[in-house]
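Respectively, the protein sequence lines represent chains A, B, C and D.
Once you know that position 124 of the first sequence is 124 in our numbering, the rest is easy, because the numbers rise by one and skip nothing.
To get our numbering, take the position in the second sequence, counting from 1, and add 1000.
To get our numbering, take the position in the third sequence, counting from 1, and add 2000.
To get our numbering, take the position in the fourth sequence, counting from 1, and add 3000.
This report refers to the structure that appears directly beneath it.
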Amino acid sequence: MQLSKDDLLKAYRIMRTVREFEERLHVEFATGDIPGFVHLYAGEEASAAGVCMHLTLKDKIASTHRGHGHSIAKGCDVHAMMAEIFGKASGLCGGKGGSMHIADLDKGMMGANGIVGAGSPLACGAALAAKRLGNGGVAVAFVGDGGSNQGTTFESLNLASVWNLPCVFVVENNGYAEATSSKWSIACDDVADRANGFGMPGVVVDGHDFFAVHEAAGEAIKRARNGEGPSMIEVKFTRYYGHFEGDAQTYRAADEIKTLRGTKDCLDIFAEKVTAAALVEQAELAAIDEEAKALIDDATAQARAAPNPGAAELLTDVYISY
Amino acid sequence: MQLSKDDLLKAYRIMRTVREFEERLHVEFATGDIPGFVHLYAGEEASAAGVCMHLTLKDKIASTHRGHGHSIAKGCDVHAMMAEIFGKASGLCGGKGGSMHIADLDKGMMGANGIVGAGSPLACGAALAAKRLGNGGVAVAFVGDGGSNQGTTFESLNLASVWNLPCVFVVENNGYAEATSSKWSIACDDVADRANGFGMPGVVVDGHDFFAVHEAAGEAIKRARNGEGPSMIEVKFTRYYGHFEGDAQTYRAADEIKTLRGTKDCLDIFAEKVTAAALVEQAELAAIDEEAKALIDDATAQARAAPNPGAAELLTDVYISY
Amino acid sequence: MARKITFQQAVNEALAQEMERDETVVLMGEDIAGGTGGEGEMDAWGGPLGITKGLYSKFGDRVMDTPISESAFVGAAVGAATAGLRPVVELMFIDFMGVCFDQMFNQAAKFRYMFGGKAETPVVVRTMFGAGLRAAAQHSQCLYPVFTHIPGLKVVVPATPYDVKGLLIQSIRDNDPVIFCEHKMLYTLEGEVPEEPYTIPFGEANITREGGDVTIVTLGRMVHIANEAATNLAKDGIECEVIDLRTTSPMDQDSILESVESTGRLVVLDEATPRCNIATDISALVCQEAFDALKAPIRMVTAPHVPVPFNDTLEDLYIPDAAKVETAVRAVMEHRQ
Amino acid sequence: MARKITFQQAVNEALAQEMERDETVVLMGEDIAGGTGGEGEMDAWGGPLGITKGLYSKFGDRVMDTPISESAFVGAAVGAATAGLRPVVELMFIDFMGVCFDQMFNQAAKFRYMFGGKAETPVVVRTMFGAGLRAAAQHSQCLYPVFTHIPGLKVVVPATPYDVKGLLIQSIRDNDPVIFCEHKMLYTLEGEVPEEPYTIPFGEANITREGGDVTIVTLGRMVHIANEAATNLAKDGIECEVIDLRTTSPMDQDSILESVESTGRLVVLDEATPRCNIATDISALVCQEAFDALKAPIRMVTAPHVPVPFNDTLEDLYIPDAAKVETAVRAVMEHRQ
Ligand SMILES: Cc1ncc(C[n+]2csc(CCOP(=O)(O)OP(=O)(O)O)c2C)c(N)n1
Ligand SMILES: Cc1ncc(C[n+]2csc(CCOP(=O)(O)OP(=O)(O)O)c2C)c(N)n1
Ligand SMILES: [Mg+2]
Ligand SMILES: [Mg+2]
C-alpha cells in the first residue's frame, strides 16, 4: 500500500528523531553524566517506525532493554524520555526507571524491560485485553534475536496461537545478543523458520528498508485486527553501537559496522527512495533533520538542567494502597 | 535392525512388567493405602521400552511425573519402586520421594519430576557431561505433550542443538495434559513439526507399535552417540487411566480408551507380531506374563509389609555437609 | 446466622460473584475449566481439585484454560491487568513459581515504581500451598515468605471460609498485584459464610482468641493448630491470644505489637521452613519495636530446614502441630528473667 | 605479606586454579567468554564486567557461552553435576533468577532429599547482586534471603577479595549446590590475596572488628559500611564487634550468639529489603537463643520495602549507609531497661 506524503514525512521524522536521540546519548554517555546501562537503537530505526506507523493509541507494544526507538515511535514524549535517562524528576518515570524501564501506558508503550524475553507474555496479555474488551486493538512484542531463545518467548508464541490473540511478534535480529552471534545462538537459519511450528506465519524482512518492514507489519497487524491470529516478523539489520555504551565490540569483524552504515543505513535508503520517486524533496527531509536536532538539543539541555527527584520519592509509588 | 530373540523377550518383559505394575497400582490406590498423587503409564509402555532398550548404564534419562515406565525400562528395582510408592523405608528413595520422585542415579535414571518440563534441561546437562567426559553416553529427555509447551523444553531443544549434545527428546504425546487436549494446546499439527526450527530432525511414530518406537529411537540414539547432535521423536498413543488416580476423565469421548485398548494395545500388537513371525512362541510370552505378575505380587506384598522410615529420617539427606 | 459452606466453595463463590459484578474479571490457568479441545465434557475439572468447577459453564470464555506455559500465561495476566482487565490467574501449586516468578516479582511487582507511579496492575495470582497431602517436596511448600520479601506484591494467606471469600473479593478489587495463597488442606473446611459479597481489608489481622498470657501469631492452616493448642493450654490455665495475620504484606504490625505489649510473651507459628520466614519477620519486628514489653524469649515454631518428605509419618512430623506449640508456649511461660 | 589484587581478579583466579586442578570443572553462562559464532575476537567479554575474561583462552571449550536461555543452561549445569561434572554456571544478575529458579530450588536443592540421600549435585551458581550501579529495579536486588529460605541450597555472600577466592574454591569443591552471590560494587575492591589456592569453610563467620559494646552482624558489601560506622563510633568511645557472616546458609549461629552474650546489644545490617530477610532471621535467632543477654532492642538497618530506584540520589538513599548504622548503634547504646 502506498503511503501518503504525510506518512512518509512522519516515518522519516520518527527515524531521524530516534537516530538523533541515540547519537546524542552516545556522546552524552561518554561525559559520565548518564547513570546505569544504556542500550542504543541506532541502525534499527526502520523496525520501530515501520511497525508503529500502523499503530494507534489503543494498540500496545511491549519493548526490550533497547527500547528508545520503540518508545519514540509509539509516541512517548522525547523530552520526558531524555530526562528519564538522566534520572530526573521530570523524566517519564520520575527518574525511577531510567533507560531500561521507560514506559508510558497512556501511549500504549508497556515498558522497556530489563529482563530479556519478558515482554512477550505481557504483549499476549495486552492482546487478550484488546480482544476481550473488543476495542479493536492489537499488541506488538518486540524481541531481540537473543530474546527469541528465551522460554518466555516460545511459550508466548504458542499461547498467542492457541488463544488466537491479536498479537504480532517482531523479532529484531541485529546479529548479536551482547557479544554472541545470532548465527550461533539460534539453531536454525532464520528465527522466522520457527513461526510455523507455532501455527503462525513468519517472514524475514530487510530491516534497513523501512518499506519492507512497513509492508510486512501492515499485513501482520491487519491479520491480527481481523481476528486471524498472531504473526511473526523477523527484521534483520545491525546495531551501530555496542551492546551497551562502553562495549568495545571486539567480537565483531573490523569493518562490519562501518560497511553497513555506509551502504545500508535505513535513513539514507529511505531518503534516496522517496526523493528518487519524487515523493518528497530533499529539502523537506533536511528540515526534519534540523528540527530533530533542535528537539534533541533542547531535550538534552532541559534534562541536564532538571532537578533530581526529591528524597521523599524513594518511598512513593510502590503500591496504590498499602 | 532385527532384534535378537533375547531382546524381543526382554522388550516384552519390560512392557509387561510396567503394565502389571501400573494395573496393580490402580487397584492398590483404590484401597486408600497409597499416599499422594499417582500417575499411571499404562498404555504407553512401548515408548519407555522402545527407547530404553538402546540404553546402557552409562546413558541417562530424565523422566516426568508419569515415570514408572521409564524407571522400570531403565532398570530400576521393581521392589524398591513399589516400596517407594507406598512411602516405605525400603523404597528406592527411602520413602522420601514417592511416585513423583523415583530416581536411581546409579541406573542412569535421573528422576521422575514433579515439575512439568524440568527434565529437559537436566538431560542436556547429562548429555553435556557424557560429551565432556567422553564416555560415549547419551541422554534422553522424556517430555509429555503438555510439557512440550513449557519454556524449559523449548530452550533445551535449542541449547542441545547449539551445543551439539548427544541428547534425544522423546515427546510422549498421549493426547492430553491433564484434562486438556494436545490438539488444542499445541499450535501445530505435530510436536515433531517444531524440531526443524531447533535444528534437529523430528519424527512422529506410532506409540502402540514397539518396533516403530524402537527403530526411531535407535536412529536418534545412534546419531547422538556419533556426535551428530540431538533429535526429537514424537510418540503418539493414549493413556489408559486418568491423569492421576481419581480422575473421572469426563473430558474424553465415551469409548476412547476402550476402543484403543481393544484395538491398539502395545502388548497385544507386539505379541501378535512376534508370534505371527514365529520369532517367539505364545507360551514364552505367557510365561513372562506369569513371572511379571508374580514379581508385582511379591513387590506389592513386601511394600505393604515394609516399615515406615524412622522419625530421624526427617532431618537427614538435605546436605552432604552443613 | 448462617449458611455453612466449605473453604473451597467460598473461593468459587467469590470468583463467581466478582465475575458477575465486573465484566473485566477473567480467569486463566491450567484446566481451571478442563476439557478444552477434547471430545468429552467441557468444564470437566475446575482445576485438579475442582475449586473453579462450574465457572466455565457460567461465564464461558472468560474462564480460559491454558497450555502448560506458566511464564506466558501468568505474564499475560500481568499484561492484561495493565490494559483494562482484572485477571485472576491460577498457578496450580505455589511450588511452580520457579518457572514464572519473573513475571510476578520483576514485572507486576515493580511496574508502578519503575514507571514513576503511572501503572496499575490489578492482577491476582491464586495458588495452592502447604504440606499435608503427601504430595512431596515439589508440591507442598509454603513459599509465601519469598513473596512477602518482594516490595510491590501483596500477599494473602486466608485461614477460614469466611476470610477466604472476603479476602479474595478484596484481592480482585484491589489495584495492586496480589498473591493469594490457599492452603490445600483447608479446602474442605466448613464455616459460616454470608451469601452476599463482602470484602475484608488487607493488613487487618483477626484475633481468633483473646488471652492475657501469651500471644501466638500465625497464619493459614496454622491458625487452627494454634487454636487447638490454645484450647488445650486453657485447661491448664494458660490463656493465649491467637492472632491470624490474614495478610503478610501488608501486615498488621499494630495488632501484633499491642498484643505483645499486654502479654509480654510471644510464640510465632509458621508452617514455612525456618530461615527468613514469617516467624523470623515477626520475631524481629517485636524484638525491635516491643522489646521492653517482652518477659521471655520469643519462640518460633516452624517446619524444619528440610524439603517436605513424601512418607506420611515423616510429613506429619514435618508439619508443626499443637503439641509443639504447647511446648513452646509452656517454655515462654516458664521463663524467669 | 602479600600481593594485592581486586575482588574481581580473585574470582577469576579461583576459577582458573580450580579448573587447572580438576578437569571436571566447567563454566557456562551468557558471554562468559563472548564472541561465540562471530567473526571478531573470541573471549571478547568475560561476562558484561569482564570477570571471567581470559578463562576461555586458557581452557577452551570448558568455558561455554550459552544462548539466552537461563532455565536450560542452569538446568543443564544441575543435570551435569549429577553426572560427573562440577559446573560453575553464571547467572549474570541475581535478578534473573525469576526465569530459572525452578532448576535451583526444586531440582538442585531437593534431589538429595527426594532421592533418599543418593544424589550429589556439586553445582555452583555464581551471580551478581546488589545496588549501587544505577542499574534500577531489575538489576540491583539482593535476593539472597530467598535462596537462604530454601533447604538444600548453600548461600555464600563474600565481602573481600581474600574471602571471595577462598569461598569460591570451597564452593566448587563442595558437594552440595551453592549459590555464590558477588556484590557488583565490590569487584574493584583491592585486598591481600595469597597466590596459592585455599578454602574458607562454610558456616564460619569472620569477626572483622572486635568490640565489647555492640555487635553488628552483616554481610557482603555492608561489611565495609559496618566497619566504617564502627570506626566512626570508636571515636566516641563506642566499641563495635563486626561480624561478617560470609555464608547465610549454613550460618555461623555460634559466633553471633557468643558475641551478643558478651555485648548484650545487636544491630543487624542487611542490604536486602526488610521483610523476611537476613536481618529478621538473625534478630529472631538472637531473640530466641540469647534473649537474656540482650540489654536493648535489636535494631535492623536495611533497605526500605521498595524496588531499587534508578536515580542516583534516590539509590544512595536506598542503600544503608554508615550514618544509618551509627544512628542504630547509638539508639541501642542509649536504651535504658
Ligand atoms: C533474563 C535475562 N537474561 C540475560 C540478560 C542480560 N542481557 C541483557 S540484553 C542481553 C542481550 C539481548 O540480546 P537480543 O535479545 O538480541 O537484543 P539486543 O541487545 O541485540 O537488542 C542480555 C543477555 C537479561 N537482561 N535478562
Ligand atoms: C510447571 C508445572 N506446571 C503444571 C504442573 C501440573 N501438572 C502436572 S502433570 C500435568 C500435565 C502434563 O501433561 P503432559 O506433559 O502431556 O504429560 P502426561 O500427564 O500426559 O503424561 C500438569 C499440568 C506441574 N506439575 N508443573
Ligand atoms: Mg540482538
Ligand atoms: Mg500428555
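Idealized CB from N, CA, C, for every residue including glycine.
Nearest to Phe3105 of chain D by alpha carbon, out of C:Ala2293, C:Asp2095, C:Leu2027, C:Gly2050? For this step, residue 3105 of chain D is matched to residue 105 along the fourth sequence. Of C:Ala2293, C:Asp2095, C:Leu2027, C:Gly2050, the residue nearest in Cα terms is C:Asp2095.
Quiz item: By a C-beta neighbour count over all protein chains shown, 10 Å radius and 16 as the cutoff for buried, is Ser182 of chain A buried or exposed?
Solution: Translated into the one-based positions of the first sequence, residue 182 of chain A becomes position 182. When all chains shown are included, Ser182 of chain A counts as buried.
Check your understanding: Among residues of its own chain, excluding the 5 on either side of Lys58 of chain A, which ones have a beta-carbon nearer than 8 Å to its beta-carbon?
Key -> Within the first sequence, residue 58 of chain A is the residue found at index 58, counting from 1. If we look at Lys58 of chain A and ignore the five residues flanking it on each side, its Cβ neighbours are Gly108, Ala130, Asn135, Gly136, Gly137.
Going by DSSP, which residues form a beta bridge with Gly2191 of chain C?
As a first step, residue 2191 of chain C is located in the third sequence; it is residue number 191 there, counting from the start. DSSP lists C:Ile2005 as partners of Gly2191 of chain C.
Note to self: What does DSSP give as the partner residue(s) for Gln3087 of chain D in the beta ladder?
What the structure shows: By one-based count along the fourth sequence, residue 3087 of chain D stands at place 87. Here the sequence assigns Pro to residue 3087 of chain D, which means Gln is not the residue at that position. BP columns for Pro3087 of chain D point to D:Val3026.
Looking only at its chain, what residues have a beta carbon closer than 7 Å to the beta carbon of Gly1095 of chain B, apart from the 5 residues adjacent to it on each side? Position 95 of the second sequence, counted from the start, is the residue given in the question as residue 1095 of chain B. Cβ within range, chain order: Glu1084, Gly1087, Lys1088, Ala1089, Asn1308, Pro1309.
Practice problem: Answer with buried or exposed for Asp3252 of chain D, where buried requires no fewer than 16 other C-beta atoms within 10 angstroms of its C-beta. | Solution: For this step, residue 3252 of chain D is matched to residue 252 along the fourth sequence. By the neighbour-count rule (16 or more Cβ atoms within 10 Å), Asp3252 of chain D is buried.
Practice prompt. With ligand 3 as the reference, list in chain order each residue whose Cβ lies under 7 Å from any of its heavy atoms.
Written response: A:Gly144, A:Asp145, A:Gly146, A:Glu172, A:Asn173, A:Asn174, A:Gly175, A:Tyr176, A:Ala177, A:Ser182
| request: Give a yes or no on whether 8 Å exceeds the smallest Cβ distance from Arg1194 of chain B to chain A. | output: Taking the first residue of the second sequence as 1, we reach residue 1194 of chain B at position 194. For Arg1194 of chain B, the answer is yes, since a Cβ of chain A falls inside 8 Å of its Cβ.
Buried or exposed (CB count within 10 angstroms, at least 16 for buried), Ser161 of chain A
The count along the first sequence starts at 1 and reaches residue 161 of chain A at position 161. Buried, since its Cβ has 16 or more Cβ neighbours within 10 Å.
### Query
Among B:Thr1056, B:Lys1074, B:Asp1297, B:Leu1025, which has the Cα closest to the Cα of Ser1047 of chain B?
Here residue 1047 of chain B is taken as the residue at index 47 of the second sequence, counted from 1. Nearest of B:Thr1056, B:Lys1074, B:Asp1297, B:Leu1025 to Ser1047 of chain B, Cα basis: B:Lys1074.
ask   = Which of the three DSSP states, helix, strand or coil, is assigned to Tyr12 of chain A?
value = In the first sequence, residue 12 of chain A corresponds to position 12, counting from 1. DSSP places Tyr12 of chain A in helix when its eight states are reduced to three.
In whole angstroms, what separates the C-alpha of Ala287 of chain A from that of Lys293 of chain A?
Taking the first residue of the first sequence as position 1, residue 287 of chain A is located at position 287. Taking the first residue of the first sequence as position 1, residue 293 of chain A is located at position 293. Near 10 Å, if we compare the C-alpha coordinates of Lys293 of chain A and Ala287 of chain A.
ask   = First and last residue of the alpha helix (DSSP H) that includes Val162 of chain A?
value = As a working note, residue 162 of chain A is residue 162 in the first sequence. First-last of the alpha helix (DSSP H) with Val162 of chain A: 151 to 162.
- Message: Can you pull the chain G neighbours of Ile1115 of chain B, defined as C-beta to C-beta under 8 Å?
- Response: Among the protein chains of the structure shown, namely A, B, C and D, there is no chain G.
Task: Residues in the stretch 3168 to 3184 of chain D having any Cβ partner in chain A nearer than 8 Å - done: none
Helix, strand or coil at Ala1089 of chain B [DSSP, three-state]:
Counting from one through the second sequence, the residue named residue 1089 of chain B turns up at place 89. Three-state DSSP puts Ala1089 of chain B in coil, outside helix and strand.
Please identify, using Cβ separations under 9 Å, the residues of the stretch 1158 to 1177 of chain B that lie next to chain A, in order along the chain.
Asn1158, Leu1159, Ala1160, Ser1161, Val1162
* Looking only at C-alpha atoms, which of A:Gly36, A:Ile34, A:Ala42, A:Ser71 sits nearest to Val51 of chain A? -> Looking up residue 51 of chain A in the first sequence gives position 51. Measuring from the Cα of Val51 of chain A, the nearest candidate turns out to be A:Ser71.
Item to check | As assigned by DSSP and simplified to three states, the class of Cys1052 of chain B | outcome: For the purposes of this step, residue 1052 of chain B is taken as residue 52 along the second sequence, with counting starting at 1. Of the three classes helix, strand and coil, the one that applies to Cys1052 of chain B here is helix, per DSSP.
With hydrogens ignored, establish whether the beta-carbon of His1039 of chain B is closer than 7 Å to any heavy atom of ligand 2. One-based indexing of the second sequence puts residue 1039 of chain B at position 39. Yes.
Do Thr152 of chain A and Ser120 of chain A have their beta-carbon atoms positioned less than 8 Å apart in this structure? Along the first sequence, one-based indexing puts residue 120 of chain A at 120. Along the first sequence, one-based indexing puts residue 152 of chain A at 152. For Ser120 of chain A and Thr152 of chain A, yes; Cβs fall inside 8 Å.
- Any heavy atom of ligand 2 closer than 7 Å to the Cβ of Val2099 of chain C? Taking the first residue of the third sequence as 1, we reach residue 2099 of chain C at position 99. Answer for Val2099 of chain C: yes, Cβ within range of ligand 2.
- request: Determine, using beta carbons only, whether Val3301 of chain D and Val3267 of chain D come nearer to each other than 8 Å.
  value: Position 301 of the fourth sequence, counted from the start, is the residue given in the question as residue 3301 of chain D. Position 267 of the fourth sequence, counted from the start, is the residue given in the question as residue 3267 of chain D. Contact flag set, yes.
- Can you list, in chain order, the residues of the stretch 2141 to 2157 of chain C whose Cβ is nearer than 7 Å to any Cβ on chain D? Pro2145, Val2146, Thr2148, His2149, Pro2151, Gly2152
Item to check | Ala3080 of chain D versus D:Met3092, D:Pro3067, D:Arg3062, residue with shortest Cα-Cα distance | outcome: The sequence position of residue 3080 of chain D within the fourth sequence is 80, counting from 1. Here the closest residue by C-alpha is D:Arg3062.
Along the stretch 292 to 317 of chain A, where does the CB come closer than 7 Å to a CB of chain D? Name the residues. Asn308, Pro309, Ala311, Glu313, Leu314, Leu315
For His208 of chain A and Gly197 of chain A, what's the separation of their Cα atoms in angstroms? The residue labelled residue 208 of chain A in the question sits at position 208 within the first sequence. The residue labelled residue 197 of chain A in the question sits at position 197 within the first sequence. Distance between the alpha carbons of His208 of chain A and Gly197 of chain A is about 27 Å.
- [ ] Can you give me the Cβ contacts of Gly242 of chain A inside the same chain, cut-off strictly under 6 Å, excluding the 5 residues immediately before and after it?
- [x] Locating residue 242 of chain A in the first sequence gives position 242, counting from the first residue. Cβ within range, chain order: Gln249.
* Could you confirm whether any beta carbon from chain D is found closer than 8 Å to the beta carbon of Val2306 of chain C? => If you number the third sequence from 1, residue 2306 of chain C lands on position 306. Yes - at least one Cβ of chain D is within 8 Å of the one on Val2306 of chain C.
*With hydrogens ignored, establish whether the beta-carbon of Thr1064 of chain B is closer than 7 Å to any heavy atom of ligand 2.*
For the purposes of this step, residue 1064 of chain B is taken as the residue at position 64 of the second sequence. Flag set: Cβ of Thr1064 of chain B near ligand 2.
- Ranges of the beta strand (DSSP E) found wholly within the stretch 212 to 253 of chain A, counting only runs of at least 3: 231 to 236
**Report entry** Within chain B, partners of Lys3118 of chain D - CB distance below 8 Å
**Finding:** Taking the fourth sequence and counting its residues from 1, one reaches residue 3118 of chain D at position 118. Neighbours of Lys3118 of chain D on chain B, chain order: Cys1093, Ala1103, Asp1104, Leu1105, Asp1106.
Would you list the residues sitting across from Asp3065 of chain D in a DSSP beta bridge? As a working mapping, residue 3065 of chain D is identified with position 65 in the fourth sequence. D:Gly3029, per the DSSP bridge assignment.
Helix, strand or coil for Leu3266 of chain D, going by three-state DSSP, please let me know.
As a first step, residue 3266 of chain D is located in the fourth sequence; it is residue number 266 there, counting from the start. It is a strand residue.
Touch test, the stretch 162 to 180 of chain A against the stretch 227 to 239 of chain A, Cβ-Cβ under 8 Å, three pairs minimum: yes
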